[in-house]
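S.K.:
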Amino acid sequence: MQFLNSYFTPFAAFLVLSALYFSAPDPWTIWLSVGVLMLSGGINYWFSKNTYRYIYWTKTLRWLQVWLNFIWSVPLFYLLGGWWAPMWLLFLMAPATAALYEGRRSTFLTAFCSSSTLLLLYKLRGLEGGMAWGQALVHSAFIIFFSLFVHSLSQMALRLRS
Numbered sequence: 001m002q003f004l005n006s007y008f009t010p011f012a013a014f015l016v017l018s019a020l021y022f023s024a025p026d027p028w029t030i031w032l033s034v035g036v037l038m039l040s041g042g043i044n045y046w047f048s049k050n051t052y053r054y055i056y057w058t059k060t061l062r063w064l065q066v067w068l069n070f071i072w073s074v075p076l077f078y079l080l081g082g083w084w085a086p087m088w089l090l091f092l093m094a095p096a097t098a099a100l101y102e103g104r105r106s107t108f109l110t111a112f113c114s115s116s117t118l119l120l121l122y123k124l125r126g127l128e129g130g131m132a133w134g135q136a137l138v139h140s141a142f143i144i145f146f147s148l149f150v151h152s153l154s155q156m157a158l159r160l161r162s
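First residue of the sequence shown: 1, per this note's numbering; consecutive thereafter.
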């Protein structure tokens with residue numbers, strides 16, 4: 001859990017704050033985005049501090065954190081994706097977290113769910129044109145390949161540690 005709060009959570013905060021600062025969306029979008037960001041940061045912080053305190057609940061708490069990271073990504077991308085193109089990177093958080101703590105199959109399914117949701121949100125936001133959809137497909141594929149890569153790295157680290 002420390003990996004997530006050391007790297008992914010600050011990156012997500014930086015991404016969202018950059019989107020808000022450089023793109024200047026409407027005030028409602030700003031307040032809603034900051035609210036979701038603060039809520040997700042607070043909950044991720046709680047998870048990092050308490051996951052191992054409740055040792056019998058560790059597996060459930062890890063699974064819950066993976067899917068909460070996915071849930072935070074959806075409204076943040078929907079709100080800011082039209083203003084700031086790199087917002088799709090938020091969809092890497094849930095599969096990368098799953099890659100650290102779950103098996104290969106679970107990692108793939110989480111990545112597939114994230115990448116499919118990304119494509120669905122692109123469609124809902126009215127993405128048009130062959131080049132735009134080509135980029136969207138590359139984003140989607142990157143989520144899956146990156147997650148499986150992180151999973152392989154974490155498994156290799158476990159084998160080397162043993």
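Just so it is clear, CB atoms sit at the ideal spot from N, CA and C, and this is done for glycine as well.
On the premise that S140 lies in contact with L118, defined as a C-beta separation below 8 angstroms, what is that separation, rounded to the nearest angstrom?
M.R.: 6 angstroms
S.K.: With a Cβ-Cβ cutoff of 7 angstroms, do T97 and N44 count as a contact?
M.R.: no
S.K.: For the candidate residues E128, G81, A111, whose alpha-carbon lies nearest to that of S18?
M.R.: G81
S.K.: With DSSP collapsed to three states, give me the class of G129.
M.R.: coil
S.K.: Which same chain residues end up closer than 7 angstroms to R95 when comparing Cβ atoms and leaving out the 5 residues on each side of it in sequence?
M.R.: In the sequence as presented, Arg is not what sits at residue 95; that position holds Pro. In chain order, T107, T110, A111, S114, I143, S147 place their CB closer than 7 angstroms to the CB of P95, counting only its own chain and leaving out the 5 sequence neighbours on each side.
S.K.: Run the CB neighbour count on M1, radius 10 Å, all protein chains shown included, and call it buried at 16 or more, exposed below.
M.R.: Unreliable placement is indicated for M1, whose pLDDT of 49 sits below 50; the coordinate value is still reported in the next sentence. By the neighbour-count rule (16 or more Cβ atoms within 10 Å), M1 is buried.
S.K.: Just to confirm the assignment, what range does the alpha helix (DSSP H) spanning S35 have?
M.R.: Checking the sequence shown, residue 35 turns out to be Gly, not Ser. Where G35 is concerned, the enclosing alpha helix (DSSP H) stretches over 27-50.
S.K.: Would you mind working out which of W72, K59, T58 sits nearest A13, comparing C-alpha positions?
M.R.: W72
S.K.: Given this structure, state the Cα-to-Cα distance separating W84 from L64, to the nearest angstrom.
M.R.: 28 angstroms
S.K.: Assuming the contact rule is C-beta atoms closer than 8 angstroms, L15 and L89 should be a hit. Round their C-beta distance to whole Å, please.
M.R.: 6 angstroms
S.K.: Roughly how many angstroms lie between the CA atoms of M156 and L100, to the nearest whole one?
M.R.: 11 angstroms
S.K.: Measuring alpha carbon to alpha carbon, tell me which residue in N69, W57, M131, R105 is nearest L39.
M.R.: N69
S.K.: On the three-state DSSP scale, how would you describe R104?
M.R.: helix
S.K.: Pull up the distance between the alpha-carbon of F11 and that of P25, whole angstroms please.
M.R.: 20 angstroms
S.K.: Excluding the 5 residues preceding and the 5 following F22 in the sequence, name in chain order all residues of the same chain whose CB lies nearer than 8 angstroms to its CB.
M.R.: W84
S.K.: Could you check where the alpha helix (DSSP H) with P75 kicks off and where it finishes?
M.R.: 58-80
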